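Working notes for the structure below.
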Amino acid sequence: MAAESSALSSHAVSVSKPQGLIFTRYFTVKGKHPFDLVRWEKRTARITGADGRVVFEQEGVEVPDFWSQTATNIVAQKYFHGRLGTPEREYSVRQLISRVVDTLTAWGQEGGYFADEESAEAFAAELAHLLLHQMASFNSPVWFNVGVEPHPQCSACFINSLKDSMESILDLAKIEGMLFKYGSGTGTNFSVLRSSKEPLAGGGVASGPVSFMRGFDSFAGVIKSGGKTRRAAKMVILNVDHPDIVAFIKCKAEEEKKAHALIAAGFPAGFEVEGGAYDSVQYQNANHSVRVTDDFMRAVEEDGWWETRAVTTGEVMGRYKARELMRMMAEAAWVCGDPGIQYDTTINRWHTCKTSGRINASNPCSEYMFLDDTACNLASLNLMKFVDGEGNFQTEAFCRAVDTMILAQEIIVDFAHYPTPKIAANSHEYRTLGLGYANLGALLMSEGLPYDSEEGRALAAAITALMTGEAYLQSARIAEKMGPFPGYEPNREPMLEVIAMHRDAAHRLPLRGIPQELRQEAVRGW
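With full-length UniProt numbering, letter number 505 in the sequence shown gets 505, and the count goes up by one each step, no holes.
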């Protein structure tokens, strides 16, 4: 999250004229465009299905000679804009990167983010270098939509609220459908819906959240994300004290067993085969997670009892052994991978904007945790691109890449489109950003470290501390020139408390298993 940055909109904190940032080069040299320093070649991008038939093909795709064929296929099928076979169709990575970089640079100039023209040119060159050399990448909606629409949807991740009413349930279905259309994913906590054991105000018994999840799941299954072939991304969450928690824990595992029976009867086993086993069962288009608290986990440790409570009245509806519920979760996850677990107490302890409300949900992959009705645009750094020929992690290069990506993501907030007025307002109010990394497994292998080892976790912790510290520092630099995000002042105390927690964790990094320079820089960043 950009800790202290302004929203240049009607929602922004009033700032006298923005001064803009002095942005300098690290990876590039003035007068030499990154595109001119690599060798380009033309290839055919071709993707075949499980049956061997060609499902996508584009000839004459121009890519750097060091890009893999897999990267070529993905970029051509997923991210090139324009209808295949028309003059408008993109055919080169140059076009794709230029479309995104040129648009973001123009937005940055319009928003006053650069102190001068030279800074804008440096930013454009540095960002192009990172993208060209596969050192960093934005989330898919940026590649899909930036430079195509005047105000494109740019965030991959949304958290949507829900109320215990039919109107709210149907509104959520519409919002989710539009998010899927433009390539984004969404998560919602369904615990506000009364359970299937509770009465309706007008008589009868409620359907309960698990029943409504079935409808949402089916709707997600028919919408292709971003108009492409990838599926919609969705997260549904239920609190561990909800009366329908047992049905929720078991629902996806039971469908998995049905799929196994269909496969045994001869139906195709492929996940995306039309008419196949998994196309015929429910709950296949969302991740499921149970929200557990510290109180629940203590009950598990102590072999205590756990009560579920009515949504409408708070009365006790059920009583279970906590370990029994935990075993149900473990067994269901063993069968089908779901449900996952979200640690509600810990999540809200690390919440930077506690004054504004609690964190109830996450995006589909759970890397974004924040207030309801918010969005987050994501970017990722490729760790292996920051390892030199001798196996050393290049901390300075990594930090400079963080600086570039945070500024790019910050610029996106102002000019992006959001699906509802509330999400738009909150996006400008809090300006949430998500920066992470990829290729951790490859990095650990290159260092000869087991994935599940104390040394591996220590190395990951150090890199995460370095990245997070530099991201907050760059955010502070932006705030110095542009003003803090509007929601900062009422949340100043919890924000600084969480930053102090990060600092304390960085100073507790182990001495063993982390290269000395990396550990020093990670600690120094806090």
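Ideal Cβ positions, reconstructed from N, Cα and C, are used throughout, including at glycine. Being a predicted model, the structure only gives us computed values, none of them experimental.
Closest by C-alpha distance to residue i, when choosing among the options
i	options	result
phenylalanine 219	Asp279, Trp305, His81	Asp279
phenylalanine 56	Lys32, Leu84, Val29	Leu84
valine 148	Asn382, Gly82, Cys376	Gly82
methionine 135	Ala465, Tyr488, Arg400, Ile412	Arg400
arginine 512	Glu455, Leu238, Gly487, Val523	Glu455
aspartate 344	Ala330, Ser362, Trp334	Ser362
valine 335	Ala310, His260, Gln409, Met297	His260
glutamate 272	Met235, Leu37, Ile175, Asp51	Asp51
valine 402	Ser475, Gly391, Leu443	Ser475
alanine 45	Val38, Phe23, Thr86, Phe80	Phe80
isoleucine 341	Met384, Ser195, Phe296, Pro484	Phe296
serine 165	Ser453, Met178, Lys385, Thr312	Thr312
glutamate 429	Ala442, Arg89, Val413, Leu440	Val413
alanine 76	Ile406, Ala265, Glu59	Glu59
tyrosine 488	Ala233, Asp294, His351	His351
aspartate 504	Pro486, Trp526, Pro484	Trp526
leucine 440	Thr464, Leu170, Ala425	Thr464
aspartate 241	Lys258, Thr346, Trp306, Asn189	Trp306
tryptophan 40	Pro484, Phe66, Ile169	Phe66
Proximity of residue i and residue j at Cβ, strictly below 8 Å
i	j	result
glycine 318	proline 243	yes
alanine 128	leucine 21	no
glutamate 315	valine 281	no
arginine 468	leucine 130	The sequence as given places threonine at residue 468; arginine does not occur at that position. It is not a contact, given that the beta carbons lie outside the stated cut-off.
proline 64	valine 93	yes
valine 146	leucine 104	yes
asparagine 239	arginine 298	no
threonine 432	phenylalanine 370	yes
arginine 194	alanine 206	yes
leucine 466	threonine 395	yes
aspartate 217	glutamine 284	yes
lysine 481	glutamine 19	yes
valine 210	alanine 173	no
alanine 233	isoleucine 223	no
First and last residue of the uninterrupted alpha helix (DSSP H) at residue i
i	result
serine 427	421-430
residue 596	Nothing can be reported for residue 596: it is not among the residues displayed for the chain, which extend from 1 to 526.
proline 141	140-145
valine 498	492-507
tryptophan 107	93-110
glycine 441	440-446
proline 209	209-221
residue 527	Outside the modelled stretch of the chain, which goes from 1 to 526, sits residue 527, for which no answer is possible.
cysteine 251	245-264
phenylalanine 158	Careful: phenylalanine 158 lies outside any alpha helix (DSSP H), inside the beta strand (DSSP E) at 157-159.
glutamate 176	166-181
glutamate 118	117-132
asparagine 73	69-74
alanine 471	454-482
isoleucine 406	395-415
Integer-rounded CB distance, given that residue j should sit under 8 Å from residue i
i	j	result
glycine 276	alanine 269	7 Å
tyrosine 368	glycine 434	5 Å
glutamate 126	phenylalanine 27	6 Å
isoleucine 359	threonine 308	With 8 Å as the limit, isoleucine 359 and threonine 308 do not qualify as a contact, their Cβ atoms being about 21 Å apart.
valine 523	histidine 507	6 Å
alanine 322	valine 300	4 Å
isoleucine 237	glycine 187	7 Å
serine 380	tyrosine 437	6 Å
glycine 107	isoleucine 411	Before going on, a small fix: residue 107 reads as tryptophan here, not glycine. That pair is a contact at about 5 Å.
leucine 162	proline 34	Leucine 162 to proline 34, Cβ: 45 Å. No contact.
isoleucine 249	proline 339	6 Å
serine 191	methionine 235	Contact doesn't hold; Cβ gap of about 13 Å is too wide.
tyrosine 91	glutamate 62	6 Å
leucine 383	leucine 449	Not quite, the Cβ-Cβ distance comes to about 13 Å (not below 8 Å), so this is no contact.
glycine 391	serine 446	7 Å
glycine 204	serine 196	Actually they do not touch by this definition, with Cβ atoms about 11 Å apart.
alanine 330	isoleucine 406	Not quite, the Cβ-Cβ distance comes to about 38 Å (not below 8 Å), so this is no contact.
phenylalanine 212	serine 119	Rounded, the Cβ-Cβ distance is 50 Å, inconsistent with contact.
Enclosing beta strand (DSSP E) for residue i [first to last residue]
i	result
asparagine 377	374-382
lysine 321	316-321
methionine 235	233-239
lysine 197	It is not in any beta strand (DSSP E) - lysine 197 carries neither H nor E in the DSSP assignment.
glycine 187	185-189
valine 292	287-292
methionine 45	A small fix is needed here, since residue 45 is alanine in this sequence, not methionine. Unbroken beta strand (DSSP E) run through alanine 45: 40-48.
Contact between the segment 449-465 and the segment 513-525: three or more CB pairs below 8 Å?
-> Yes, the segment 449-465 touches the segment 513-525.
Sufficient close CB pairs (3 or more, under 8 Å) joining the segment 343-356 to the segment 491-503 | Enough Cβ pairs lie closer than 8 Å, so yes.
Three or more C-beta pairs below 8 Å linking the segment 157-167 and the segment 370-389 | Contact between the segment 157-167 and the segment 370-389 is present, with at least three C-beta pairs closer than 8 Å.
Is the segment 165-185 close to the segment 413-433, with three or more CB pairs under 8 Å?
-> Yes, they touch.
Count the C-beta pairs between the segment 106-114 and the segment 69-83 that are closer than 8 Å, then say yes if the count reaches three, no if not.
-> Not touching, per the Cβ criterion.
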